[in-house]
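Chemist:
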Amino acid sequence: MSTPEPGKADPNKIGSSVTMRDVAKAAGVSVATVSHVVNNKAGARIGDEARRRVQEAVTALGYRPNALAKTLSRGGSRFIGLVADAIATTPFAGQIIHGAQDEAWAHGYVLLVANTDGNEAAENEAIAMMLEHQVQGILYSTWYHREIVVPEMLHQTDTVLVDCFAEGSGLPAVVPDEEQGGRTATEELLAAGHRRIAFINTTTPSPAQSGRLAGYRSALEAAGIDFDESLVFPAEPAQEGGYATAPRIVESKATAVFCHNDRVAMGLYDGLREHGLSIPGDIAVIGFDNQDVIAAHLRPPLSTVALPHYDLGAAGVRVLLGIESSTGEQLMRVTCPSVPRQSI
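Under the working numbering, read the sequence shown as residues 514 to 857, first letter to last.
(1) Kindly list the residues whose CB is nearer than 8 Å to the CB of ALA601, restricted to its own chain and excluding five residues on each side of it in sequence; keep chain order.
(2) According to DSSP, is ILE593 part of a helix, a strand, or is it coil?
(3) May I ask you to verify whether the stretch 703 to 715 touches the stretch 764 to 772, counting CB pairs closer than 8 Å and requiring at least 3?
(4) If distances are taken between C-alpha atoms only, which option among GLY681, GLN752 and GLY755 comes closest to LEU844?
(5) Starting from the C-beta of ALA769, find all residues in its chain whose C-beta is less than 6 Å away, skip the five residues before and the five after it, and write them out in chain order.
(6) Quick check on DSSP: helix, strand or coil for LEU790?
(7) Pull the bridge partners of PHE746 from the DSSP assignment, please.
(8) To the nearest angstrom, how far is it from the Cα of PRO689 to the Cα of VAL745?
(9) Could you tell me the distance, in whole angstroms, from the CA atom of VAL536 to the CA atom of ALA599?
(10) Closer than 7 Å by C-beta to LEU585: which residues in its own chain qualify, once you throw out the five before and the five after it? Chain order, please.
(11) Would you kindly check if the distance between the Cβ of LEU574 and the Cβ of VAL623 is under 9 Å?
(12) Is THR699 helix, strand or coil by DSSP?
(13) For PRO821 and ALA748, I'd like the C-alpha separation in whole angstroms.
(14) GLU633 and PRO664: beta carbons closer than 9 Å?
(15) Considering SER654, what are the terminal residues of the beta strand (DSSP E) in which it resides?
(16) I need the DSSP call for SER543, collapsed to helix, strand or coil.
(17) Select from ALA641, LEU652 and LEU815 the residue whose C-alpha is nearest the C-alpha of GLY612.
(18) Starting from LEU643 and walking both ways along the alpha helix (DSSP H), at which residues does that stretch end?
(19) I need the DSSP call for GLY588, collapsed to helix, strand or coil.
(20) With a CB to CB cut of under 6 Å and the five nearest residues on each side skipped, what residues in its chain are close to VAL547?
(21) Which residues in the same chain as ARG564 place their Cβ atom closer than 6 Å to its Cβ, once the five residues preceding and following it in sequence are excluded?
(22) Which residue from ALA704, ALA705 and ALA698 puts its Cα closest to that of ILE713?
(23) When burial is assigned at 16 or more other CB atoms within 10 Å of the CB, is ASN740 buried or exposed?
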């Protein structure tokens, strides 16, 4: 086997497994910098020296961008990428992966998943790897619904945001319909005959905080019930928050409670029982999220509203593939269904 001259491509490397990471290591730069150089990213702020080192490393290693795509008769890979912060390690949000995977398979694609735990360097490497494999596009997902800053490299391919959004990015987003979910939860309590309904809301600013409150108010208004601000209780969105709010719920004389999430409801259960109240005999409770490990195993099992994680993942794939239309920066809101059990 011959040794290439300095600065010359190694013929034995051409088309082999040389990656952007190899080039980045050789050039002493980040994977993102390599991606910008080899893809001629317009507007990328890269110094002349760094650009020269990348180009020399590309030549010396024989790196060929898009090598995988050139080997495929259809002109592109059958891969879809999914980059997530922590959903693979979050039991209920992990359904986003399942939904995306099932929908991808249904249309002849394989899902490539990278769970980055919020590490920016790992995130950039994952996106670079997916670009090397010429994915049809990338789903970028977070484990809870929030606004994000889009990683710059995502603009190099078709991208759909899942369970998150980025105003001004021009990217379509698939998110849960928080307002509809809050309205549905409140309507369940109204349908059971309750008129004095309390709402334990999170203290954390978020689409869930504002959306579920708007849905609660909307349902009351439709039922001809005046909104009473004294029945809205801000609390930490955890078991401790629900438990700490129980005395004020008892004082409010509410006959039913809509809890921001199932963990709050779990804490409220304990607090209400300490006050000698039974569920649903003395007071009805409904949660939100449908964390099955919590809701299905409380006594009585908790009625709740589900975050549609599976459907979010599946819808993200359909939008990415153009099966469901999306124009520019568009929010697709997915319905949050009720999950009736025995707490109402």
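Ideal placement from N, C-alpha and C gives every residue a C-beta, glycine not left out.
Modeler: This is what the structure gives:
(1) Sequence-distant Cβ neighbours of ALA601 in its own chain, meaning closer than 8 Å and more than five residues away, are GLY607, ILE610, VAL626 and ASN628.
(2) strand
(3) yes
(4) GLY681
(5) LEU702, HIS707, ILE710 and ALA797
(6) coil
(7) ILE713
(8) Pairing PRO689 with VAL745, the inter-Cα distance amounts to about 22 Å.
(9) 28 Å
(10) Residue confidence for LEU585 is low, a pLDDT of 43 falling below 50, so the modelled location carries little weight; the figure read from the coordinates is stated next. Cβ within range, chain order: n/a, list empty.
(11) No, Cβ-Cβ distance for VAL623 and LEU574 is not below 9 Å.
(12) THR699: helix per DSSP, three-state reduction.
(13) 24 Å
(14) Yes. Within cutoff.
(15) 651 to 660
(16) Coil at SER543, not helix or strand.
(17) Comparing Cα-Cα distances from GLY612 to each of ALA641, LEU652 and LEU815, the minimum goes to LEU652.
(18) The displayed chain sequence assigns Met, not Leu, to residue 643. Looking at the DSSP string, the run of the alpha helix (DSSP H) that includes MET643 is 633 to 645.
(19) Unreliable placement is indicated for GLY588, whose pLDDT of 49 sits below 50; the coordinate value is still reported in the next sentence. Residue state, collapsed to three classes: coil.
(20) MET533, VAL536, ALA537 and VAL567
(21) VAL550
(22) With distances taken between CA atoms, ILE713 lies nearest to ALA698 out of ALA704, ALA705 and ALA698.
(23) Contrary to the premise, residue 740 reads as Phe rather than Asn in this sequence. Exposed is the call here.
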